[in-house]
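Only one structure is covered here, and it is reproduced in the block below.
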Amino acid sequence: MQLVLEKRAERSNTIALVSPLIAIGLTIVTMSILFMILGKNPVSALGAYFIAPLTDSYSLQEIAVKATPLVMIAIGLSLCYLANAWNIGAEGQFLVGAVAGSWIAVKTQGTDAGHWVLPAMLLLGAAAGALYALIPAICKVRFGASEILTSLMLVYVADLFLDYLVRGPWRDPKGFNFPTTAEFDPVATVPVLIEGGRLHLGAIIALIVVAGGAVLLGRTIKGFEIRVVGAAPRAARFGGFNSNQLVLLTFAISGALAGLAGIIEVAGPIGHLQPGISPGYGFTAIIVAFLGRLNPVGILIAGLFLALTFIGGEQAQIAMKIPLDVTKVFQGILLFYVLACDSLILYRFRLIFPSRQVA
Amino acid sequence: MEIFEAIILTILAASTPLLLAATGELVTERAGVLNLGVEGMMIVGAACGFGGAWLTGSVIIGALCGIVAGTALSLIFAMMTLGLAVNQVATGLALTILGIGLSGLIGAGFVGERITLAPHLRIPGLTDIPLVGRVFFGEDGFVYLSLALIVAVWYFLYRTRAGLILRACGDNHVSAHALGYPVLRIRMFAVMFGGACAGLAGAYLPLAYTPFFVPGMTAGRGWIALALVVFASWRPARLVIGAYLFGAVTILQLHAQGWGVGVPSQLMSALPYLATVIVLVLISRARSGGSTAPAALGTVFVPDR
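From first to last, the protein sequence lines stand for chains D and E.
Going by this note's numbering, the first residue of the first sequence is number 277, and it counts up by one from there.
Going by this note's numbering, the first residue of the second sequence is number 2, and it counts up by one from there.
Structural data, given as structure tokens:
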């Protein structure tokens, strides 16, 4: 018996819609098996993961807070991936954006700086993220160096740079030697939407980013060029599209969005700069981008779903002592199934039973 | 002079996991498959390797556990990219994300435990030669194994028929298929070899480098190994040079921190990563004329019947 792929005459649109759902279903089955191996009741474990966080308003807000950076980064990444440019260093761009924006917050601390501080921080964060993303993009178009490896290496560099700043020059003198800056001033903080809640302005910005992404991809020439360069590079060349320019553009946009997400995270839910500001948002956003089928609206839904796994993972750890790493395993398995199901869009699977040859 | 000898010894130890992982990836890529999951296979290899050695007290069983774990993960990758024709870049990333989670799950049981490191070779007389004795005759077994492996890979690729067929699959899978070679099966074996090497490279870290397991202990070595393959222009001999150069950068920055060079320690720690970026740029620029990469690297192949 043998599994054979058969190319479909055209992409199947039905499967394009249901394949993320099949993937989620298969992931849940696999996770149930994993929970049983870990000696936990799969029904209550899955309940703690996916149902419990949806039942109280604190968790619901927290899901939106976690989804904010994921969605913003993933929208940028989806542009890169559509253009066949592989930015996998969004985590580094996120950190650099956070650092650059925090610079203004640290320098204006305790002064009577006005309300220009936060907008300036957001702009600088986005600009720094974009510049940091342009390093691998320029290395790629100018010298042909693999953007996958260079963008990833720069994640480690950004991480160490942030570590240096909060342990050295920017450390809070009154912080008992903890590696953190002082709490940002109110003018340097992203305002919350509901008094006393956790939901902040960043969620609105993320929605604007989703809308912007949808308009760019669906309604502009640049968006069309991005899609053609990725899907049909030869056709794009005949069409006179400059693929190098598109690599630079998509990297810059995704870097800017990752940087913006970084400074919003630091100036919003966290409130100061410290190591470990990201539980791997830049990498999880890769999963979000693919689960959302590289489509802005899909990414919004996928971002909320993966945020749910973060919150569910924390609750499952508290309630059932399930290790936090299960969340990462879950995310990895989910990405595998998403990719495998995507194969169904282009191919048809067929089992072949070889007829016995007469010798 | 003893410090000099000690530095050389640590450089060799730091280079060995890079060399092992890069050797496997070189074979994989020569068959035309780009497996970006090296980091994930390494970290799971490290967790399983330590677990095996800790449970049984045997370094060899530990190493075998690492190899099996790496191979198992690479089989998932092979199933996806070869069986289902999924994009290799995305699958490799998924493998790394999965591997990091799995290693944390597997390793949770023995964080904080210690084992005895792999013994070093000792030949009375030879090992005692000043300066070079321990460098040549006093390493742990993995160091010799990694060198033997790269020689074997060189011989296989350039001196055997099977190696020629493997390279043919990597350069032009359509022609290889037309000649009647089972491209997908050959690629699967190449991917498995890469997984075994990455698993062993990961297991080397807790078995011979530091006697304990910490989550994330591979610290990007898998990615550096991937860069090394590019650096080596997909040639085994250059891979050895590259791996030892990178080992040297890693160790020298550690020593520089110890000597109190007036530079932040974080900048020194960032050196191996920065060096990787710079080396990639220089190498790619030097090659801008014609690429030496296997021509079919990273492309999907679906045989038509």
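Glycine is no exception: its CB is placed at the ideal position from the N, C-alpha and C atoms.
Query	Result
Going by DSSP, what residues sit across from residue 476 of chain D in a beta bridge?	D/468
Please list the segments of the alpha helix (DSSP H) lying wholly inside the stretch 251 to 293 of chain E, counting only runs of 4 or more residues, in order along the chain.	266 to 287
Along chain E, which residues have their Cβ under 7 Å away from the Cβ of residue 421 of chain D?	281, 282 and 285
With 16 other CB atoms within 10 Å as the buried threshold, where does residue 635 of chain D fall?	For residue 635 of chain D, the predicted structure reports a pLDDT of 45, less than 50, and the residue's modelled location is therefore unreliable. A value from the coordinates is still provided. Answer is exposed; the Cβ neighbour count stays below 16.
Could you say which of E/218, E/250 and E/254 lies nearest to residue 101 of chain E if we only look at CA atoms?	E/218
Got a sec, what are the start and stop residues for the beta strand (DSSP E) residue 628 of chain D sits in?	623 to 628
Tell me whether residue 283 of chain D sits in a helix, a strand or coil according to DSSP, three-state version.	strand
Tell me, please, which residues DSSP counts as bridged to residue 141 of chain E.	E/121
Look at the alpha carbon of residue 330 of chain D and the alpha carbon of residue 581 of chain D, and state the distance between them as a whole number of angstroms.	11 Å
Kindly give me the distance between the Cβ atoms of residue 200 of chain E and residue 71 of chain E, rounded to whole angstroms, as I take these residues to be in contact under 8 Å.	2 Å
Our contact map puts residue 578 of chain D next to residue 570 of chain D with C-beta atoms below 8 Å; I'd like the distance itself, whole angstroms only.	Actually they do not touch by this definition, with Cβ atoms about 10 Å apart.
Whole angstroms are fine: how far does the CA of residue 445 of chain D sit from the CA of residue 303 of chain E?	56 Å
Tell me the rounded alpha-carbon separation between residue 441 of chain D and residue 198 of chain E.	38 Å
Under 8 Å between C-beta atoms, does residue 415 of chain D make it to chain E?	yes
Ignore the nearest five residues each way along the sequence and tell me which others in residue 400 of chain D's own chain have a CB closer than 8 Å to its CB.	376, 377, 379, 380 and 539
In whole angstroms, give me the CA-to-CA distance for residue 134 of chain E and residue 145 of chain E.	14 Å
Please list the residues of the stretch 213 to 240 of chain E that have a C-beta atom closer than 9 Å to any C-beta atom in chain D, keeping them in chain order.	216, 220, 221, 224, 225, 227, 228 and 231
From residue 621 of chain D to residue 68 of chain E, what does the alpha carbon distance come to, in whole angstroms?	35 Å
Let me confirm a value: residue 254 of chain D is counted as buried when at least 16 other C-beta atoms fall within 10 Å, else exposed. Which label applies?	Because chain D spans 277 through 635 in this model, residue 254 of chain D falls outside it and cannot be assessed.
Pair every Cβ in the stretch 276 to 285 of chain E with every Cβ in the stretch 411 to 424 of chain D, then say whether three or more of these pairs are closer than 8 Å.	yes
Starting from residue 1 of chain E, find everything on chain D with Cβ-Cβ shorter than 9 Å and list it in chain order.	As shown, chain E starts at 2 and ends at 306. That puts residue 1 of chain E outside it, with no answer to give.
Measure the C-alpha to C-alpha separation of residue 226 of chain E and residue 471 of chain D and round it to an integer number of angstroms.	50 Å
Would you call the stretch 205 to 212 of chain E in contact with the stretch 590 to 610 of chain D, where contact means no fewer than 3 C-beta pairs closer than 8 Å?	no
Would you identify the three-state DSSP class for residue 109 of chain E, choosing helix, strand or coil?	helix
Output needed for residue 294 of chain D: all residues of its chain with C-beta closer than 6 Å, excluding positions within five of it in sequence on either side, in chain order.	none
Would residue 263 of chain E count as contacting chain D if we go by Cβ distances under 8 Å?	no
Between residue 179 of chain E and residue 187 of chain E, what straight-line distance do the alpha-carbon atoms span, to the nearest angstrom?	14 Å
In angstroms, rounded to a whole number, what distance separates the CA positions of residue 343 of chain D and residue 505 of chain D?	29 Å
If you reduce the DSSP assignment to three classes, tell me which class residue 182 of chain E lands in.	coil
Would you tell me roughly how many angstroms separate the C-alpha atoms of residue 297 of chain D and residue 49 of chain E, rounded to the nearest one?	33 Å
For residue 634 of chain D and chain E, any beta-carbon pair shorter than 8 Å?	Any reading at residue 634 of chain D must be qualified, since the residue scores a pLDDT of 48, below 50, and its modelled position is unreliable; no value is offered.
Would you kindly work out how many angstroms separate the C-alpha atoms of residue 556 of chain D and residue 423 of chain D, rounded to a whole number?	19 Å
Residues of chain D with CB under 7 Å from residue 274 of chain E, in chain order?	429, 432 and 433
So which of E/16, E/52 and E/77 has the shortest CA-CA distance to residue 112 of chain E?	E/52
Which same chain residues end up closer than 8 Å to residue 250 of chain E when comparing Cβ atoms and leaving out the 5 residues on each side of it in sequence?	272, 273 and 276
Mapping the DSSP letters down to three states, classify residue 441 of chain D as helix, strand or coil.	helix
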